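Novice: Top to bottom, those sequences are chains R and H. Mapping to my numbering: the first sequence position 7 is 7, numbers consecutive. One gets my numbering by counting positions in the second sequence from 1 and adding 153 to each. All C-beta atoms, glycine included, are put in the ideal place defined by N, C-alpha and C. Remember, predicted model here, so these are calculated numbers, not experimental data. This is the structure, below, for whatever I ask next.
There are 2 protein chains.
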Amino acid sequence: MAQDGVDLETSVGYLLKEAASALRAEMEAVLRPLGMTVTHYSCLELLAQRPGLSNSELARGAFVTRQSMNVLLQALERDGVVSRPVEGRVGKVLPARLTERGRRSLAQASAAVRSVEVRMLFGMTEEEQSGARRLLRSMIASLREADDGGRQP
Amino acid sequence: MAQDGVDLETSVGYLLKEAASALRAEMEAVLRPLGMTVTHYSCLELLAQRPGLSNSELARGAFVTRQSMNVLLQALERDGVVSRPVEGRVGKVLPARLTERGRRSLAQASAAVRSVEVRMLFGMTEEEQSGARRLLRSMIASLREADDGGRQP
DNA sequence: TGCGCCATGTCAGAAGTCTGACATAGAGTC
DNA sequence: GACTCTATGTCAGACTTCTGACATGGCGCA
Chain R
1 MAQDGVDLET SVGYLLKEAA SALRAEMEAV LRPLGMTVTH YSCLELLAQR PGLSNSELAR
61 GAFVTRQSMN VLLQALERDG VVSRPVEGRV GKVLPARLTE RGRRSLAQAS AAVRSVEVRM
121 LFGMTEEEQS GARRLLRSMI ASLREADDGG RQP
Chain H
154 MAQDGVDLET SVGYLLKEAA SALRAEMEAV LRPLGMTVTH YSCLELLAQR PGLSNSELAR
214 GAFVTRQSMN VLLQALERDG VVSRPVEGRV GKVLPARLTE RGRRSLAQAS AAVRSVEVRM
274 LFGMTEEEQS GARRLLRSMI ASLREADDGG RQP
């Protein structure tokens with residue numbers, strides 16, 4: 001194949017990208033049989049844990065733009081998985097909720113995704129896992145630090 | 154905004170996604186003024202560290218499909234940043250290299266991206282950084298473990 | 001030699017996401 | 001009240017990436 005002279009794999013940034021990419025690939029693999037994408041699943045999981053989130057809040061939680069989430073929400077609403085009754089409108093904000101069908105759909109997906117996360121953490125002690133959480137939170141905070149706040153997504 | 158009853162932020166998977174997303178956003182922010190996307194930069198950086206990589210190898214290194222990398226490579230070749238001389242062909246494999254212009258283009262981008270990574274790691278000791286590398290490598294290995302190998306990307 | 005098998009390069013179309021833009025609603029200020 | 005500022009929902013178009021497909025080249029094995 002190719003010469004492995006320089007080792008790119010010592011960069012935390014690259015490893016972070018690699019890990020996130022591997023996680024995403026495995027999630028896609030288990031979600032595909034259910035006819036679901038990762039963002040699709042993320043949206044449902046967010047709504048299950050925090051009912052009534054708005055389009056923009058869902059977008060932030062799934063790390064996409066509110067425009068992308070809007071496209072997805074309209075499809076989910078059309079499929080009867082999510083409902084956004086106009087009566088619930090508060091100002092311009094239109095809260096979304098899972099339908100019964102959405103909850104059923106999420107149940108299988110949630111189990112599948114959880115098994116992927118379990119596999120990812122296999123071989124790590126409880127201390128290592130909380131260490132990983134702490135380090136990731138530190139990186140997130142540092143990256144967001146000198147931020148003007150008005151950024152998409 | 155919304156009620157913060159259930160805390161989604163305790164999942165390592167979610168934090169991983171959040172950190173990768175934040176890193177990508179910051180990289181996009183510093184690369185945009187240079188007229189470069191993240192994948193664009195990744196491709197150049199890979200070629201700088203390992204000259205002669207093929208299209209498929211670059212794709213794996215940048216975590217995209219070989220089809221996506223092919224689209225990008227054709228654009229980069231057209232822009233004179235990368236060259237793939239047909240004389241270098243080995244079987245079906247066509248090794249790619251940076252042109253002088255590509256090296257210049259990468260120089261600025263590389264510095265910008267490195268500063269983002271430094272900022273991300275701010276406040277972490279050397280031990281914590283190597284701990285982060287170890288944990289991320291562990292997650293990657295576990296995720297790839299029960300893998301048939303033939304997956305895109 | 002001939003065969004199956006796998007990886008590669010490439011094209012074409014589909015799907016997902018993003019950028020840009022507009023109108024509107026709420027909060028704060030004068 | 002009038003104003004500005006910010007956040008939101010939404011539409012339209014462009015871009016990036018993916019999936020599917022095909023032909024080709026190297027490799028191992030009968």
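Is DSSP giving residue 121 of chain R helix, strand or coil here?
Specialist: Counting from 1 along the first sequence, the entry for residue 121 of chain R is found at position 121. Residue state, collapsed to three classes: coil.
Novice: Report buried or exposed for residue 80 of chain R, applying the criterion of at least 16 other Cβ atoms within 10 angstroms of its Cβ.
Specialist: Counting from 1 along the first sequence, the entry for residue 80 of chain R is found at position 80. It is exposed - the Cβ of residue 80 of chain R has fewer than 16 other Cβ atoms within 10 Å.
Novice: Does any C-beta atom of chain H lie closer than 8 angstroms to the C-beta of residue 49 of chain R?
Specialist: Translated into positions along the first sequence, residue 49 of chain R becomes position 49. For residue 49 of chain R, the answer is yes, since a Cβ of chain H falls inside 8 angstroms of its Cβ.
Novice: Would a C-beta distance cut-off of 8 angstroms place residue 135 of chain R and residue 285 of chain H closer than the cut-off?
Specialist: As a first step, residue 135 of chain R must be located in the first sequence, where it is residue number 135. As a first step, residue 285 of chain H must be located in the second sequence, where it is residue number 132. Yes. Within cutoff.
Novice: Closest Cβ-Cβ distance between residue 221 of chain H and chain R: below 8 angstroms?
Specialist: The count along the second sequence starts at 1 and reaches residue 221 of chain H at position 68. No, residue 221 of chain H does not count as interfacial toward chain R.
Novice: Please list the partners that residue 169 of chain H has in chain R, where partner means a Cβ-to-Cβ separation under 7 angstroms.
Specialist: As a first step, residue 169 of chain H must be located in the second sequence, where it is residue number 16. Near residue 169 of chain H (Cβ distances below 7 angstroms), the residues of chain R are 19, 20, 23, 136.
Novice: Buried or exposed, going by whether 16 or more other CB atoms sit within 10 Å of the CB of residue 63 of chain R?
Specialist: In the first sequence, the residue the question calls residue 63 of chain R occupies position 63. When all chains shown are included, residue 63 of chain R counts as buried.
Novice: Taking only three categories from DSSP, how would you classify residue 287 of chain H?
Specialist: Stepping through the second sequence from its first residue, residue 287 of chain H is reached at position 134. Correct three-state label for residue 287 of chain H: helix.
Novice: Assuming residue 162 of chain H is part of the alpha helix (DSSP H), what are its boundary residues?
Specialist: Working through the second sequence from its first residue, we reach residue 162 of chain H at position 9. Looking at the DSSP string, residue 162 of chain H is not in any alpha helix (DSSP H), and its letter there is neither H nor E.
Novice: How long is the line joining the alpha carbons of residue 258 of chain H and residue 203 of chain H, rounded to whole angstroms?
Specialist: If you number the second sequence from 1, residue 258 of chain H lands on position 105. If you number the second sequence from 1, residue 203 of chain H lands on position 50. Rounded to whole angstroms, residue 258 of chain H to residue 203 of chain H spans 17 angstroms at the Cα level.
Novice: Let's test the definition: count the other Cβ atoms within 10 Å of the Cβ of residue 177 of chain H and tell me whether it reaches 16, buried, or not, exposed.
Specialist: Indexing the second sequence from 1 puts residue 177 of chain H at position 24. Buried: at least 16 other Cβ atoms inside 10 Å.
Novice: If the cut-off is 7 angstroms on Cβ atoms, which residues from the region 258 to 292 of chain H count as contacting chain R, listed in chain order?
Specialist: The region 258 to 292 of chain H vs chain R, Cβ under 7 angstroms: 270, 272, 273, 274, 275, 276, 277, 281, 282, 284, 285, 286, 288, 289, 290, 291, 292.
Novice: Does the Cβ of residue 210 of chain H have 16 or more other Cβ atoms within 10 Å, making it buried, or fewer, making it exposed?
Specialist: In the second sequence, counting from the first residue as 1, residue 210 of chain H sits at position 57. Buried, by the Cβ-count rule.
Novice: Helix, strand or coil: which one does DSSP assign to residue 93 of chain R?
Specialist: Within the first sequence, numbered from 1, the residue matching residue 93 of chain R stands at position 93. Correct three-state label for residue 93 of chain R: strand.
Novice: Pick out whichever of R/140, R/108, R/12, R/20 has its Cα sitting closest to the Cα of residue 30 of chain R.
Specialist: Position 30 of the first sequence, counted from the first residue, corresponds to residue 30 of chain R. When each option's Cα is compared against that of residue 30 of chain R, the closest is R/108.
Novice: Going along chain R, which residues have a C-beta under 7 angstroms from residue 297 of chain H?
Specialist: In the second sequence, residue 297 of chain H corresponds to position 144, counting from 1. Ordered by position in chain R, the residues that pass the 7 angstroms Cβ test against residue 297 of chain H are 22.
Novice: By how many angstroms is the C-alpha of residue 17 of chain R removed from the C-alpha of residue 126 of chain R?
Specialist: Taking the first residue of the first sequence as 1, we reach residue 126 of chain R at position 126. Taking the first residue of the first sequence as 1, we reach residue 17 of chain R at position 17. Going from the Cα of residue 126 of chain R to the Cα of residue 17 of chain R covers about 23 angstroms.
Novice: Quick one: which chain R residues come within Cβ less than 9 angstroms of residue 161 of chain H?
Specialist: Counting from one through the second sequence, the residue named residue 161 of chain H turns up at place 8. Per Cβ cutoff of 9 angstroms: 45, 46, 49, 50, 61.
Novice: Excluding the 5 residues preceding and the 5 following residue 158 of chain R in the sequence, name in chain order all residues of the same chain whose CB lies nearer than 8 angstroms to its CB.
Specialist: No answer is possible for residue 158 of chain R: it lies beyond the span of chain R, which begins at 1 and ends at 153.
Novice: Relative to the C-alpha of residue 60 of chain R, which candidate in R/76, R/48, R/39, R/78 has its C-alpha closest?
Specialist: For the purposes of this step, residue 60 of chain R is identified with residue 60 of the first sequence, where counting begins at 1. Of the listed residues, the one whose Cα sits closest to residue 60 of chain R is R/39.
Novice: Can a CB atom of chain H be found closer than 8 angstroms to the CB of residue 83 of chain R?
Specialist: Locating residue 83 of chain R in the first sequence gives position 83, where the first residue counts as 1. So no, residue 83 of chain R is outside the interface.
Novice: If distances are taken between C-alpha atoms only, which option among R/140, R/97, R/119, R/20 comes closest to residue 74 of chain R?
Specialist: Locating residue 74 of chain R in the first sequence gives position 74, counting from the first residue. The option with the nearest alpha carbon to residue 74 of chain R is R/97.
Novice: Based on the DSSP output, what are the partners of residue 83 of chain R in its beta bridges?
Specialist: If you number the first sequence from 1, residue 83 of chain R lands on position 83. Paired residue(s): R/97.
Novice: What separation, rounded to the nearest whole angstrom, lies between the Cα atoms of residue 53 of chain R and residue 95 of chain R?
Specialist: Looking up residue 53 of chain R in the first sequence gives position 53. Looking up residue 95 of chain R in the first sequence gives position 95. Taking the straight line joining both Cα atoms gives about 5 angstroms.
Novice: Can you round the beta-carbon distance between residue 99 of chain R and residue 83 of chain R to whole angstroms, since I take them to be within the 8 angstroms contact cut?
Specialist: Within the first sequence, the letter at position 99 stands for residue 99 of chain R. Within the first sequence, the letter at position 83 stands for residue 83 of chain R. That belief holds up - the Cβ atoms of residue 99 of chain R and residue 83 of chain R are roughly 5 angstroms apart, short of 8 angstroms.
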